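In the numbering used here, the protein residues as written are 0 to 286.
The beta carbon of each residue, even a glycine, is placed where N, CA and C say it ideally should be.
What you are looking at is a predicted structure, and each value in this text was computed from that prediction instead of being measured.
Quick notes on the structure that follows.
Here it is as structure tokens:
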């Protein structure tokens, strides 16, 4: 994998060998590609740390990390303790949830791209995705805490598929915004977002252990409530103030757009007299 990484990665879209010319031009225009001489020497840390839209994306990333932890690590435990599923059926249910999540993420991305091309701005499509994620995740979390039972395990399967679909839709919401707010500093912003996700992944087992003692439905219900509350807060925060447009402090000034300095020539009276005397001498010589 390391060899593939070094063979395929480049510093800029213009250096990619396997990309169409149209794609390169689009990425250079969208990312505001600049030459190494034009790249900033100082990183605007204050603007990065105080940018409210970035904070909204971090809040959503925190909720996303918690949701992914529940889906990847705790679903088998939930199916065992609440639904009393045997090992084979438990594994099948977990596989179905992940397959649905992957398939829905692809379909939803295509749908949002079509809407962005024909009807809505990118900011609007991001907020649509985040709102859909909010509604679906919160509703399914609350219902899972009340409707899950061993007699009708398919209900729990559908609800957890809904939670997975909501988490997948969020990637077309906050994540698209996060990598677009300041393209020049995406590596810093995405690293901060990943730290928020890791923090939520570390806190999830602590939250689960606070409520779960015997593995009853009532205990898991409280955990689902916490997940729903965090998802609700983060998504509302993003929908209220989230953006997609590049921030002013992150704009790139291309060398082609720079205003060339005007050179003003100041002619003094002495120069005029000197020039006049030279013209007179030339006339006399010509005569």
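Reduced DSSP category for residue i - H, G, I as helix; E, B as strand; rest coil
i: residue 122; result: helix
i: residue 167; result: helix
i: residue 10; result: coil
i: residue 263; result: The pLDDT assigned to residue 263 is 39, lower than 50, so where the model puts this residue is not dependable, and the model offers no usable value.
i: residue 81; result: coil
i: residue 17; result: coil
i: residue 42; result: coil
i: residue 89; result: helix
i: residue 146; result: helix
i: residue 242; result: coil
i: residue 214; result: coil
i: residue 256; result: At residue 256 the pLDDT is 42, less than 50, meaning the model places this residue with poor confidence; the figure from the coordinates comes in the next sentence. Residue state, collapsed to three classes: coil.
i: residue 178; result: coil
i: residue 59; result: helix
i: residue 50; result: coil
i: residue 69; result: helix
i: residue 201; result: helix
i: residue 231; result: helix
i: residue 156; result: helix
C-alpha distance - residue i paired with residue j, whole-angstrom precision
i: residue 207; j: residue 225; result: 10 Å
i: residue 87; j: residue 191; result: 39 Å
i: residue 70; j: residue 165; result: 12 Å
i: residue 10; j: residue 114; result: 31 Å
i: residue 229; j: residue 129; result: 14 Å
i: residue 210; j: residue 220; result: 9 Å
i: residue 80; j: residue 216; result: 8 Å
i: residue 91; j: residue 161; result: 17 Å
i: residue 123; j: residue 144; result: 32 Å
i: residue 75; j: residue 245; result: 41 Å
i: residue 14; j: residue 179; result: 21 Å
i: residue 247; j: residue 24; result: 22 Å
i: residue 159; j: residue 214; result: 17 Å
i: residue 46; j: residue 21; result: 33 Å
i: residue 232; j: residue 150; result: 33 Å
i: residue 66; j: residue 42; result: 32 Å
i: residue 118; j: residue 103; result: 21 Å
i: residue 84; j: residue 60; result: 31 Å
i: residue 18; j: residue 174; result: 24 Å
i: residue 142; j: residue 187; result: 38 Å
Given residue i as reference, the closest of the options once Cα atoms are compared
i: residue 78; options: 147, 182, 101, 120; result: 147
i: residue 250; options: 182, 233, 13; result: 182
i: residue 64; options: 196, 204, 216, 239; result: 196
i: residue 58; options: 218, 213, 189, 14; result: 189
i: residue 289; options: 4, 185, 163; result: Within the shown structure, residues of the chain are numbered from 0 to 286, placing residue 289 beyond reach of any answer.
i: residue 223; options: 3, 241, 62; result: 62
i: residue 109; options: 185, 28, 170, 159; result: 170
i: residue 167; options: 131, 239, 231; result: 131
i: residue 98; options: 205, 1, 0, 156; result: 156
Pair within 8 Å by beta-carbon distance, residue i and residue j
i: residue 176; j: residue 56; result: yes
i: residue 234; j: residue 135; result: no
i: residue 172; j: residue 125; result: yes
i: residue 241; j: residue 52; result: yes
i: residue 121; j: residue 237; result: no
i: residue 203; j: residue 68; result: yes
Heavy atom of the ligand COA within 7 Å of residue i beta-carbon
i: residue 112; result: With respect to the ligand COA, the structure offers nothing, as it holds no ligand at all.
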